[in-house]
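Chemist:
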Amino acid sequence: MEIKKILTRLYVNDINTAIDFYRKLLNQDCDLSFKYTEMNLELAQIGNILILGGTNEALEPFEDTKATFLVDSVIEFREFLLKNGAVIVRELKKVPTGMNLTVKHLDGTVIEYVEYKSINL
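The opening residue of the sequence shown carries number 0 in numbering that gives the first Met the number 0; numbering runs sequentially from there.
So this is what it looks like as C-alpha coordinates:
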(Lines of atoms letter the chains of each structure in order from A and count residues from 1; the text may use other names and numbers.)
(Lines give C-alpha, C1' and ligand atoms only; values in the text may rest on other atoms or scores of the structure.)
Protein backbone atom coordinates (compact mmCIF):
# COMPACT_ATOMS: atom_id res chain seq x y z
CA MET A 1 0.00 0.00 0.00
CA GLU A 2 1.55 3.26 -1.11
CA ILE A 3 0.42 6.83 -1.67
CA LYS A 4 2.35 7.85 -4.78
CA LYS A 5 1.29 11.49 -4.98
CA ILE A 6 -1.03 13.93 -3.22
CA LEU A 7 -2.88 16.47 -5.35
CA THR A 8 -4.40 19.67 -3.98
CA ARG A 9 -7.80 20.22 -5.55
CA LEU A 10 -8.99 23.55 -6.95
CA TYR A 11 -12.55 24.16 -8.13
CA VAL A 12 -13.07 26.69 -10.92
CA ASN A 13 -15.69 27.76 -13.42
CA ASP A 14 -13.17 28.69 -16.15
CA ILE A 15 -10.64 25.87 -16.42
CA ASN A 16 -8.73 27.37 -19.37
CA THR A 17 -7.93 30.55 -17.45
CA ALA A 18 -6.92 28.49 -14.40
CA ILE A 19 -4.66 26.20 -16.47
CA ASP A 20 -2.93 29.19 -18.04
CA PHE A 21 -2.39 30.86 -14.64
CA TYR A 22 -1.07 27.77 -12.83
CA ARG A 23 1.20 26.80 -15.74
CA LYS A 24 2.83 30.23 -15.46
CA LEU A 25 2.84 30.27 -11.65
CA LEU A 26 4.40 26.81 -11.30
CA ASN A 27 6.48 27.05 -14.49
CA GLN A 28 5.21 23.58 -15.42
CA ASP A 29 3.25 22.07 -18.26
CA CYS A 30 -0.19 20.59 -17.87
CA ASP A 31 0.45 16.89 -17.13
CA LEU A 32 -3.09 15.73 -17.80
CA SER A 33 -6.24 17.28 -19.20
CA PHE A 34 -9.55 15.63 -20.03
CA LYS A 35 -13.32 16.00 -20.04
CA TYR A 36 -15.27 13.88 -17.57
CA THR A 37 -18.53 14.18 -19.48
CA GLU A 38 -20.46 11.83 -17.16
CA MET A 39 -20.08 14.44 -14.39
CA ASN A 40 -20.06 17.56 -16.64
CA LEU A 41 -16.51 18.39 -15.53
CA GLU A 42 -13.15 19.10 -17.06
CA LEU A 43 -10.00 18.16 -15.15
CA ALA A 44 -6.38 19.17 -15.48
CA GLN A 45 -3.27 18.36 -13.48
CA ILE A 46 -0.31 20.71 -13.23
CA GLY A 47 2.36 19.46 -10.85
CA ASN A 48 0.63 18.67 -7.56
CA ILE A 49 -2.52 20.64 -8.40
CA LEU A 50 -5.70 19.05 -9.72
CA ILE A 51 -8.05 21.60 -11.26
CA LEU A 52 -11.71 20.67 -11.58
CA GLY A 53 -13.69 22.93 -13.88
CA GLY A 54 -17.42 23.17 -14.38
CA THR A 55 -20.55 24.99 -13.43
CA ASN A 56 -21.31 25.61 -9.77
CA GLU A 57 -23.94 22.86 -9.98
CA ALA A 58 -21.49 20.33 -11.47
CA LEU A 59 -18.77 21.16 -8.91
CA GLU A 60 -21.02 21.22 -5.84
CA PRO A 61 -21.02 17.43 -5.11
CA PHE A 62 -17.20 17.41 -5.06
CA GLU A 63 -16.32 20.62 -3.22
CA ASP A 64 -16.04 18.96 0.20
CA THR A 65 -13.20 16.78 -1.12
CA LYS A 66 -9.96 18.43 0.00
CA ALA A 67 -7.32 16.37 -1.88
CA THR A 68 -6.74 13.47 -4.23
CA PHE A 69 -4.34 10.71 -3.20
CA LEU A 70 -2.88 8.74 -6.11
CA VAL A 71 -2.35 5.21 -4.77
CA ASP A 72 -1.05 1.85 -5.94
CA SER A 73 -4.16 -0.12 -4.88
CA VAL A 74 -7.47 1.58 -4.16
CA ILE A 75 -8.93 -1.76 -2.99
CA GLU A 76 -6.22 -2.20 -0.35
CA PHE A 77 -6.70 1.40 0.82
CA ARG A 78 -10.47 0.87 1.01
CA GLU A 79 -9.99 -2.09 3.38
CA PHE A 80 -7.45 -0.18 5.50
CA LEU A 81 -9.59 2.95 5.70
CA LEU A 82 -12.75 1.09 6.71
CA LYS A 83 -10.82 -0.74 9.45
CA ASN A 84 -9.56 2.64 10.70
CA GLY A 85 -12.78 4.58 11.08
CA ALA A 86 -13.25 6.05 7.60
CA VAL A 87 -16.72 6.31 6.07
CA ILE A 88 -17.34 5.83 2.37
CA VAL A 89 -18.74 8.92 0.64
CA ARG A 90 -18.61 7.52 -2.92
CA GLU A 91 -17.98 3.80 -3.44
CA LEU A 92 -15.39 2.28 -5.78
CA LYS A 93 -16.03 3.37 -9.34
CA LYS A 94 -14.34 3.19 -12.71
CA VAL A 95 -13.34 6.68 -13.84
CA PRO A 96 -11.49 7.98 -16.93
CA THR A 97 -8.12 7.60 -15.15
CA GLY A 98 -8.70 4.16 -13.58
CA MET A 99 -10.66 3.58 -10.39
CA ASN A 100 -11.53 5.87 -7.48
CA LEU A 101 -13.08 5.94 -4.04
CA THR A 102 -14.00 8.92 -1.88
CA VAL A 103 -13.97 8.61 1.90
CA LYS A 104 -14.38 10.74 4.98
CA HIS A 105 -11.48 10.17 7.34
CA LEU A 106 -11.98 9.79 11.08
CA ASP A 107 -11.13 13.51 11.50
CA GLY A 108 -13.85 14.52 9.02
CA THR A 109 -11.55 15.27 6.07
CA VAL A 110 -12.91 14.06 2.71
CA ILE A 111 -10.28 12.55 0.40
CA GLU A 112 -10.52 10.96 -3.04
CA TYR A 113 -8.29 7.92 -3.61
CA VAL A 114 -7.39 7.15 -7.24
CA GLU A 115 -5.65 4.09 -8.60
CA TYR A 116 -4.32 5.55 -11.82
CA LYS A 117 -4.32 3.31 -14.86
CA SER A 118 -4.61 5.36 -18.02
CA ILE A 119 -6.94 7.76 -19.74
CA ASN A 120 -9.90 5.84 -21.13
CA LEU A 121 -11.55 8.48 -23.30
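Where is the CB? At the ideal position from N, CA and C, for every residue including glycine.
1) Would you check if the region 64 to 71 and the region 100 to 112 touch, i.e. whether three or more CB-CB distances between them fall below 8 Å?
2) According to DSSP, Ile-110 sits in a beta bridge with which residue or residues?
3) Does Thr-176 come out as helix, strand or coil in the three-state DSSP assignment?
4) Let's test the definition: count the other Cβ atoms within 10 Å of the Cβ of Glu-122 and tell me whether it reaches 16, buried, or not, exposed.
5) Using only the alpha-carbon positions, how far apart do Glu-37 and Glu-114 sit?
6) At 3 residues or longer, and completely inside the region 26 to 77: list those beta strand (DSSP E) runs for me, N to C.
7) Can you tell which of Ala-85, Lys-3, Phe-61 and Ile-45 has its C-alpha closest to the C-alpha of Phe-20?
8) Where does Asn-99 land, buried or exposed, given buried means 16+ other C-beta within 10 angstroms?
9) Can you tell me which of the three DSSP states Gly-97 falls into?
10) Check for me: the beta strand (DSSP E) holding Glu-3 runs from which residue to which?
11) What does Val-86 pair with, by DSSP beta-bridge criteria?
12) Here's the rule I'm using: 16 or more other beta-carbon atoms within 10 Å means buried, otherwise exposed. How should Val-94 be labelled?
Modeler: From the atom records:
1) Yes, the region 100 to 112 is in contact with the region 64 to 71.
2) Translated into the one-based positions of the sequence shown, residue 110 becomes position 111. Partner(s): Ala-66 and Val-102.
3) Since the first residue shown for the chain is 0 and the last is 120, residue 176 is missing from the structure and cannot be characterised.
4) This structure gives no information on residue 122, because the portion of the chain shown stretches from 0 to 120.
5) As a first step, residue 37 must be located in the sequence shown, where it is residue number 38. As a first step, residue 114 must be located in the sequence shown, where it is residue number 115. Each residue's Cα considered, the two are about 19 Å apart.
6) 31 to 35, 40 to 45, 48 to 52 and 64 to 70
7) Numbered from 1 along the sequence shown, position 21 holds the residue referred to as residue 20. Taking only the C-alpha atoms, the option nearest Phe-20 is Ile-45.
8) Taking the first residue of the sequence shown as 1, we reach residue 99 at position 100. Classification for Asn-99: buried.
9) To locate residue 97, count along the sequence shown from 1; it is residue 98. DSSP places Gly-97 in strand when its eight states are reduced to three.
10) Locating residue 3 in the sequence shown gives position 4, where the first residue counts as 1. Checking the sequence shown, residue 3 turns out to be Lys, not Glu. That run of the beta strand (DSSP E) goes 2 to 11.
11) Along the sequence shown, read from residue 1 onward, the residue named residue 86 stands at position 87. Looking at the DSSP output, Val-86 sits in a beta bridge with Lys-103.
12) As a working mapping, residue 94 is identified with position 95 in the sequence shown. When all chains shown are included, Val-94 counts as buried.
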